[in-house]
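Engineer: In the working numbering, the protein residues as written are 89 to 383. For every residue, glycine included, the Cβ atom is placed at its ideal position computed from N, Cα and C.
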């Protein structure tokens, strides 16, 4: 894999940047809707530096709202990570080219104002379990369709990454990155447990391709007496579960391609009996305890 040079945009400080992705709660004064400014004000209160936004959602906003968003980002040294992409598996080559061109133009237009270092895509309409095609064929198709988008994002200066979202094993995403120049991993630490992966081996495998991630914890509990057999994965404050996040952080700092410029976002869902504010405070305290976390 070619050496990645990941630098902040003009006016954006280099360094590890911590943000907040999900969930949004009434106790925060924010809900999971399109009120981007309310989310940014919440982020500022807790010194978070970023969250995400769908590039098409941004483009549809009124100019006055966009101007307010961009001004807030610049004033508070913040950024918004755009989410790009389309249904990679179920479009024709011509449709894929048109959609790629359209979204790269939007990214080129907005990236300087969003101040983002990276952008994100999901692996739309596919997974390793329900598709009838062999996995190798699925990954080849994904690579063919994502490749031009990844190239376009790289030319804009915001490398493209994709997440292990409970749809593929980390090893599958690594293979996809190996097939696709300029594609990287946005590591979701908690989602390893969704597929029964061992977290620490998955972190080692993902780290050389990881440029950011959702820092999420999970509390897990096997149910060997249950039928059907199941493995319960439950909510947790960050650092309070079983995802081995301290070990994950050490692995990323040693093996990520640009560990000094990681883009990390909380994904935080309170366990039963814990209110969101307490969950947030516990999570922030844990991340602050990590060596070099910069939060």
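May I ask you to report which of helix, strand or coil DSSP gives residue 309?
Structural biologist: Correct three-state label for residue 309: strand.
Engineer: In the DSSP assignment, find the beta strand (DSSP E) that holds residue 170 and state where it starts and stops.
Structural biologist: It spans 167–172 - the beta strand (DSSP E) in which residue 170 sits, taken as one unbroken run.
Engineer: Taking residue 329 and residue 305 to be in contact with their CB atoms under 8 Å, please state how far apart those CB atoms are, rounded to whole angstroms.
Structural biologist: 4 Å
Engineer: With a cut-off of 8 Å on the beta carbons, I'd call residue 354 and residue 371 a contact; round off their distance for me.
Structural biologist: 6 Å
Engineer: Taking the alpha carbon of residue 106 as the point to measure from, which residue in 165, 156, 144 and 119 has its own alpha carbon closest?
Structural biologist: Answer by Cα proximity: 165.
Engineer: Ignore the nearest five residues each way along the sequence and tell me which others in residue 171's own chain have a CB closer than 6 Å to its CB.
Structural biologist: 140, 142 and 208
Engineer: By how many angstroms is the C-alpha of residue 378 removed from the C-alpha of residue 339?
Structural biologist: 12 Å
Engineer: Which of the three DSSP states, helix, strand or coil, is assigned to residue 212?
Structural biologist: coil
Engineer: Beta-carbon separation of residue 109 and residue 302 under 8 Å?
Structural biologist: yes
Engineer: Assign residue 178 to buried or exposed, taking buried as 16 or more other Cβ atoms, counted over all protein chains shown, within 10 Å of its Cβ.
Structural biologist: exposed
Engineer: Straight-line CA distance for residue 219 to residue 257?
Structural biologist: 14 Å
Engineer: Cα separation between residue 272 and residue 367?
Structural biologist: 30 Å
Engineer: What do you reckon, are the CB atoms on residue 350 and residue 284 nearer than 8 Å?
Structural biologist: no
Engineer: Find out if the Cβ-Cβ distance for the pair residue 131, residue 176 is shorter than 8 Å.
Structural biologist: no
Engineer: Mind checking which residues open and close the alpha helix (DSSP H) that includes residue 130?
Structural biologist: According to the DSSP assignment, residue 130 belongs to the alpha helix (DSSP H) that extends over 124–133.
Engineer: Which residue wins for smallest C-alpha separation from residue 264, given the options 228, 278 and 237?
Structural biologist: 228
Engineer: If the criterion is Cβ atoms closer than 8 Å, does the pair residue 295 and residue 344 meet it?
Structural biologist: yes
Engineer: How would you call residue 191, buried or exposed, if buried means at least 16 neighbouring beta carbons within 10 angstroms?
Structural biologist: buried
Engineer: Here's the rule: buried if 16 or more other CB atoms are within 10 angstroms of the residue's CB, otherwise exposed. What is residue 180?
Structural biologist: exposed
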